[in-house]
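**Q** First the structure, then my questions, so here it is.
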Amino acid sequence: MANLKIPEISNDATINVALDTINKGKQALIFVNSKRSAEKTAEEVGKKVTGVNEAWSVLSTKVMKVLASPTTQCKRLCGCLLKGVAFHHAGLAAKQRELIEDGFRDGVVKVIASTPTLAAGLDLPAFRAVIRDLKRFCNRGMAPIPVLEYLQMSGRAGRPNYDTFGESICIAKSEAEKEAITEEYINGDPEEIYSKLAVEPVLRTYLLSLIASKFVRSRKQILEFFGKTFWAYQYEDMGKLEEIIERMLQLLEEWEFIKSSKDDFISADNLDSVTYRATLMGKRVAELYLDPYTANQLVEGIRKTHSIKYGDFSFFQLLCNTLEMRPLLNVRQKEYDIVEEAIMKYEGTLLGSEPDYFDDEHGDYMKSIKTSLFFMDWVEEKGEDALLEHYGIRPGEIRYKLNSADWLFYAMEELTRLLGFHDLIKVIGRLRFRVKHGIKDELVSLVRLKGIGRVRARKLFRNGIKDVRGLKQIDVGRLGVILGKGMAEKIKKELDQDVSVVKKGTRKGQTSVEKFIK
DNA sequence: GGACGGTGAAACTTCAGGTTGCCTC
DNA sequence: GAAGTTTCACCGTCC
2 MANLKIPEIS NDATINVALD TINKGKQALI FVNSKRSAEK TAEEVGKKVT
52 GVNEAWSVLS TKVMKVLASP TTQCKRLCGC LLKGVAFHHA GLAAKQRELI
102 EDGFRDGVVK VIASTPTLAA GLDLPAFRAV IRDLKRFCNR GMAPIPVLEY
152 LQMSGRAGRP NYDTFGESIC IAKSEAEKEA ITEEYINGDP EEIYSKLAVE
202 PVLRTYLLSL IASKFVRSRK QILEFFGKTF WAYQYEDMGK LEEIIERMLQ
252 LLEEWEFIKS SKDDFISADN LDSVTYRATL MGKRVAELYL DPYTANQLVE
302 GIRKTHSIKY GDFSFFQLLC NTLEMRPLLN VRQKEYDIVE EAIMKYEGTL
352 LGSEPDYFDD EHGDYMKSIK TSLFFMDWVE EKGEDALLEH YGIRPGEIRY
402 KLNSADWLFY AMEELTRLLG FHDLIKVIGR LRFRVKHGIK DELVSLVRLK
452 GIGRVRARKL FRNGIKDVRG LKQIDVGRLG VILGKGMAEK IKKELDQDVS
502 VVKKGTRKGQ TSVEKFIK
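Counting from 2, one number per residue, gives the positions in the first sequence under the working numbering.
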């Protein structure tokens with residue numbers, strides 16, 4: 002531990018350290034525990050930075066152009082960048098994150114205030130790593146972060162090629178806190194690493210894939226296999242472990258993902274020789290890397306379509322009920338009415354569970370409804386700025402949600418196929434396509450064409466061109482007025498050729514899609 | 001005297017991260 | 001549990 006003399010420019014120690022680093026001509030990473038704090042801290046540091054720099058405004062302009070219509074978050078970030086400061090968290094669009102990281106590596110960005118996004122994985126060293134928060138919110142209030150995580154963050158200090166040393170600084174508010182931090186973190190031992198198999202979703206996914214790949218067949222082999230894992234080594238109690246595996250096997254069988262030979266003539270004392278094999282459905286679930294629990298929820302939802310009147314919302318709510326879609330969007334106090342209203346509106350049309358008001362799960366249910374409403378607005382072509390405003394969901398988070406939804410929709414399509422619900426495959430496929438592109442149903446046929454995304458499709462639609470036939474009928478000159486000459490010619494050529502074309506890229510910043518036109 | 005703006009205390013709200021599949025609608 | 005935001009009461013100033 003070193004004694005640092007930091008000039009007290011403001012009454013906030015974190016900001017003082019950041020400013021001191023800039024004045025030394027060096028760079029700092031500041032780690033905080035929430036997105037909001039990251040944004041606020043970056044803004045506060047920026048306010049105290051004097052002077053201008055051409056490179057700062059160039060980067061700021063670049064960042065502003067990433068999204069088609071900049072959100073309030075973009076504007077805030079760009080304001081910070083004009084002072085050579087940035088914030089960084091999972092809510093940023095991927096391209097913006099990349100620009101900031103590159104800007105930091107190039108030395109343009111002097112200070113980044115970040116959530117733990119920057120702590121792991123990314124090689125982004127700084128002269129100083131300032132760890133402001135050593136506590137983070139969890140279900141039971143604020144909890145100290147693991148020592149391992151502290152080490153990750155402080156490990157960012159010191160750039161091998163530029164500095165001979167680095168400084169990792171924790172911020173304490175009192176002498177007592179300073180002592181506690183020293184003991185817990187600076188001199189503390191990192192936690193033991195625990196096997197991920199101990200988590201049930203991982204265990205059941207793994208168990209099914211072992212059976213599906215025929216790596217293990219009998220109960221005995223299964224137990225032997227798990228007996229040799231790191232999980233068993235840590236758990237020590239093999240009896241308890243067997244119990245857990247047995248319960249999992251029962252569930253997998255109940256969900257019809259595996260079939261056992263128990264029905265054949267096997268005596269109770271010879272239970273170990275019971276063999277298991279995956280059903281066709283089980284095999285596909287394993288191939289999809291889907292948690293069997295989720296797969297079963299999807300299967301039940303798909304079956305339910307036979308007995309209820311369903312709509313787009315029903316499918317979104319089914320997805321939002323899965324573990325994969327978590328964390329769901331939080332329902333704020335002022336949003337209770339809106340969510341309750343939606344519950345009333347869609348009552349009886351849902352494919353996922355509909356718990357009672359007094360049920361423990363009602364809170365999660367409300368969240369699933371809010372998240373489904375977000376998806377509804379997305380396919381109603383609401384912009385990212387509007388979504389941030391209405392749902393508090395940032396562009397980066399939208400991407401993760403869409404990515405998960407796309408994957409789950411794909412899984413749902415596959416399960417629907419296996420269940421033989423042929424009419425439903427098209428319905429799900431079409432909705433999946435709309436989610437990918439963020440478009441209303443009416444734009445689907447236009448967006449299938451190469452070079453036409455949601456913006457151009459909407460332009461065409463407004464001009465009365467609603468499908469491929471409309472595009473074929475319109476002359477190239479008029480089409481040029483709407484889309485530009487070059488684009489019009491390209492589209493006309495494409496339509497005449499009537500060949501398979503591969504298209505990549507969708508709604509700005511989205512994952513790539515491929516389409517086939519016949 | 002009323003409109004307006006600034007200030008600070010109290011009340012209220014919200015809280016990190018990011019892989020998996022595949023070629024079709 | 002605590003940071004950050006919003007709300008509201010209070011006060012001073014100006015017209």
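Glycine residues also receive a C-beta, built at the ideal position from the N, C-alpha and C atoms.
#1: Comparing C-alpha positions only, which one of K221, W256, T295 sits nearest to S274?
#2: Give, in chain order, every unbroken run of the alpha helix (DSSP H) that is at least 4 residues long and sits entirely within the stretch 194-272.
#3: So what does DSSP say about I344, is it helix, strand or coil?
#4: Any idea if S58 is buried or exposed, counting beta-carbon neighbours within 10 angstroms, 16 or more meaning buried?
#5: So who's on the other strand from L30, going by DSSP bridges?
#6: Where does G35 land, buried or exposed, given buried means 16+ other C-beta within 10 angstroms?
#7: Is P293 helix, strand or coil when you go by DSSP?
#8: Determine the direct distance from the alpha carbon of V380 to that of Q498, and round the result to whole angstroms.
#9: Would you check if there are 3 or more beta carbon pairs closer than 8 Å linking the stretch 159-168 to the stretch 119-128?
#10: Cβ of I303 within 8 Å of Cβ of R278?
#11: With a cut-off of 8 Å, do at least 3 Cβ pairs link the stretch 417-430 to the stretch 438-452?
#12: At a cut of 8 Å, does the stretch 110-125 reach the stretch 66-74 through at least three beta carbon pairs?
#13: Among the residues of its own chain, which have a CB less than 7 Å from the CB of L461, if the five just before and after it don't count?
#14: Would E342 be called buried (16 or more neighbouring beta carbons within 10 Å of its own) or exposed?
#15: Taking buried to mean at least 16 other C-beta atoms within 10 Å of its own C-beta, is A39 buried or exposed?
#16: Per DSSP, what kind of secondary structure is T417 in: helix, strand or coil?
#17: Please list, in chain order, all residues of the same chain as F231 whose beta carbon is under 6 Å from its beta carbon, the five residues on each side excluded.
#18: Quick one: grab the DSSP three-state call for F375.
#19: DSSP on F316, reduced to helix/strand/coil?
#20: Does the beta-carbon of V53 have 16 or more other beta-carbons within 10 angstroms, so that it is buried, or is it exposed?
#21: A489 by DSSP, collapsed to three states: which one?
#22: For L68 versus A95, is the C-beta spacing smaller than 8 Å?
#23: By how many angstroms is the C-alpha of E150 removed from the C-alpha of T118?
#24: Tell me the DSSP secondary structure of K451 in three-state form.
#25: Please return the same chain residues whose Cβ sits closer than 6 Å to the Cβ of Y347, not counting the five positions on each side in sequence.
#26: Just tell me which of K6, N12, V50 has its CA closest to the CA of L20.
#27: Secondary structure at T72, three-state DSSP: helix, strand or coil?
#28: So the alpha helix (DSSP H) R431 belongs to, where does it begin and stop?
#29: Between N17 and S11, what straight-line distance do the alpha-carbon atoms span, to the nearest angstrom?
#30: When the Cα of I492 is compared with those of G452, L299, L388, E44, which residue comes out closest?
#31: Taking Cβ to Cβ, would you say F88 is nearer than 8 Å to S70?
#32: Tell me the DSSP secondary structure of K25 in three-state form.
#33: Who are the near neighbours of R508 in its chain, counting only those whose CB is closer than 6 Å to its CB and skipping five residues on each side?
#34: Assuming S354 and C321 are in contact, meaning their beta carbons sit under 8 Å apart, how far apart are those beta carbons, in whole angstroms?
#35: For A14 and I172, I'd like the C-alpha separation in whole angstroms.
**A** Per the coordinate set shown:
#1: K221
#2: 201-213, 220-228, 231-236, 239-255
#3: helix
#4: exposed
#5: I113, A130
#6: Residue 35 is actually Ser in this sequence, not Gly. Exposed.
#7: helix
#8: With a pLDDT of only 45 at Q498, under 50, the local geometry of the prediction cannot be trusted, and the value read off the model is given with reservation. If I take the Cα positions, the gap works out to 31 Å.
#9: yes
#10: no
#11: no
#12: no
#13: L447, I483
#14: exposed
#15: buried
#16: helix
#17: S196
#18: helix
#19: helix
#20: exposed
#21: helix
#22: no
#23: 11 Å
#24: coil
#25: F314
#26: V50
#27: coil
#28: 423-438
#29: 6 Å
#30: G452
#31: no
#32: coil
#33: Low local confidence applies: a pLDDT of 49 at R508 is under 50, so the model's placement there is unreliable, with the coordinate-based value given in what follows. Once the five neighbours on either side are set aside, the close Cβ partners of R508 are H438, G439, R455.
#34: At roughly 11 Å, the Cβ-Cβ gap does not stay under 8 Å, so S354 and C321 are not in contact.
#35: 7 Å
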